[in-house]
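Participant: My questions will all concern the structure given below.
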Amino acid sequence: MEIILAGVLFNLFFAHSAALYFHAGEREEKCIIEDIPNDTLITARFKMQQWDLNEQDFLPSAPGLGMVVTITDPNEELLLSKVYGPEATITFTSHTYGEHSICLQSNSTRLMVFAASRLRIHLDIQVGEHLFDETIAQTKDKVNEVTLRIEHLIEEIQHIMKEQGYQREREEFFRQKSEDTNSNVLWWAVLQTIILISVGVWQIKCLKDFLIAKKLV
C-alpha cells in the first residue's frame, strides 16, 4: 500500500504533460518545442476544428481536412513527416536528448469557408507516458492486479529517475557554461585594465617628449 501511495504522489508531482490549444490559418505552420531526454516515449494527440471568430462556435469541418505533422530532433534530423486526419495520436521515441520540434500544418487551402474563421487545434503531449489498462482493475485476481499496478508504478518511477538525471546533466552543463562565461568576463576586465594602463603610460610618455622637445621642462 505504501508503494502504491508513493507512486501516486510521484505521478502527481512529476507527471510531464503539455495540453493546449491554438489557432492557425490556411497552410500556417505552428511548432511546439519540447525538451526531451533520450530513449523516451512521446505521445502527442491532436484534434483540429474550424472555429468561427465572430460567433465563437465550431463550424462543420471542410472535406479532406487533415494535418501535416513534422517532427525533428535537436540535430534537425527528420524523425517523422506524415499526413493525418483531423484527429490522430502520434507516438515516437527520442534517440537523443534536447529540444525536439513538433510542427503542425493544415493540408488544405480551402478551409476557410467563412472569412472570419480559423482552425482551432487542440494538442496534448505526454512525455514518458505508460498507460495502465484500467480493465485490469475489474479482474477477480487481486494479486495479479496489484502486481501489474506495482510494475506500472516502477516504470513510472524509472521514467522519473531518468528525467531527474537528465535535468541534473542540463544543470551541470549550464553551470559549466556560466563558470566559463564568468571566467571570460574576468579575463576581459583584466585585459581592459592592461590596455587602459598601457594607453595612459603611452600618453604620459608622449606628453613628456613634447614638453622636452619644446624645452618647457
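When the letters of the sequence shown are read in order and numbered with mature numbering (1 follows the signal peptide of the UniProt record, and there is no 0), they come out as residues -19 to -1, 1 to 198.
Heads up, the beta-carbon is just placed ideally off N, CA and C, and yes, glycines get one too.
Source: prediction; values computed, not measured.
Buried or exposed for Gly181, please, with buried defined as at least 16 other CB atoms from any protein chain shown within 10 angstroms of its CB.
Facilitator: Taking the sequence shown and counting its residues from 1, one reaches residue 181 at position 200. Per the 10 Å Cβ criterion, exposed.
Participant: By the 10 Å Cβ neighbour count, where 16 or more other Cβ atoms means buried, how is Ser87 classified, buried or exposed?
Facilitator: One-based indexing of the sequence shown puts residue 87 at position 106. Ser87 should be labelled buried.
Participant: State the DSSP-derived secondary structure class of residue 206, mapped to helix, strand or coil.
Facilitator: Outside the displayed span of the chain (-19 to 198) sits residue 206, for which this structure offers no information.
Participant: Under 9 Å between the Cβ atoms of Ile138 and Ser75?
Facilitator: Working through the sequence shown from its first residue, we reach residue 138 at position 157. Working through the sequence shown from its first residue, we reach residue 75 at position 94. No, the Cβ-Cβ distance between Ile138 and Ser75 is not below 9 Å.
Participant: Expressed to the nearest angstrom, what Euclidean distance is found between the alpha-carbon atoms of Ile17 and Trp169?
Facilitator: Translated into positions along the sequence shown, residue 17 becomes position 36. Translated into positions along the sequence shown, residue 169 becomes position 188. Using only the alpha carbons, I get a separation of about 36 Å.
Participant: What is the DSSP secondary structure of Gly66, counted as helix, strand or coil?
Facilitator: The residue labelled residue 66 in the question sits at position 85 within the sequence shown. The answer is coil: DSSP assigns Gly66 none of H, G, I, E or B.
Participant: Please list the terminal residues of the continuous beta strand (DSSP E) segment that includes residue 202.
Facilitator: Outside the modelled stretch of the chain, which goes from -19 to 198, sits residue 202, for which no answer is possible.
Participant: Please identify the residue among Leu1, Glu9, Asp161, Ile83 whose C-alpha is closest to the C-alpha of Arg99.
Facilitator: Translated into the one-based positions of the sequence shown, residue 99 becomes position 118. Arg99 has its Cα closest to that of Glu9, out of Leu1, Glu9, Asp161, Ile83.
Participant: Which residue wins for smallest C-alpha separation from Tyr78, given the options Leu1, Asp20, Leu172, Met29?
Facilitator: Indexing the sequence shown from 1 puts residue 78 at position 97. For the residues Leu1, Asp20, Leu172, Met29, the minimum Cα distance to Tyr78 belongs to Asp20.
Participant: Is Lys189 buried or exposed, if buried means 16 or more other CB atoms sit within 10 Å of its CB?
Facilitator: On the sequence shown, residue 189 is found 208 positions in, with the first residue counted as 1. By the 10 Å Cβ count, Lys189 comes out exposed.
Participant: Taking 9 Å as the cut-off, decide whether the C-beta atoms of Glu80 and Glu152 are in contact.
Facilitator: Residue mapping note: residue 80 aligns to position 99 of the sequence shown, counting from 1. Residue mapping note: residue 152 aligns to position 171 of the sequence shown, counting from 1. Not closer than 9 Å, so no.
Participant: Hey, would you say Gly45 sits closer than 9 Å to Tyr65, going by beta carbons?
Facilitator: As a position in the sequence shown, residue 45 is number 64, starting the count at 1. As a position in the sequence shown, residue 65 is number 84, starting the count at 1. Not closer than 9 Å, so no.
Participant: Could you compute how far the alpha carbon of Gln184 sits from the alpha carbon of Asn165?
Facilitator: Here the question's residue 184 lines up with position 203 in the sequence shown. Here the question's residue 165 lines up with position 184 in the sequence shown. If I take the Cα positions, the gap works out to 28 Å.
Participant: Any idea which residues DSSP pairs Cys12 with across the strands?
Facilitator: Position 31 of the sequence shown holds residue 12. Bridge partners of Cys12: Cys84.
Participant: What's the gap between the Cα of Pro55 and the Cα of Ile13?
Facilitator: Residue mapping note: residue 55 aligns to position 74 of the sequence shown, counting from 1. Residue mapping note: residue 13 aligns to position 32 of the sequence shown, counting from 1. Looking at the two C-alpha atoms, the distance is approximately 13 Å.
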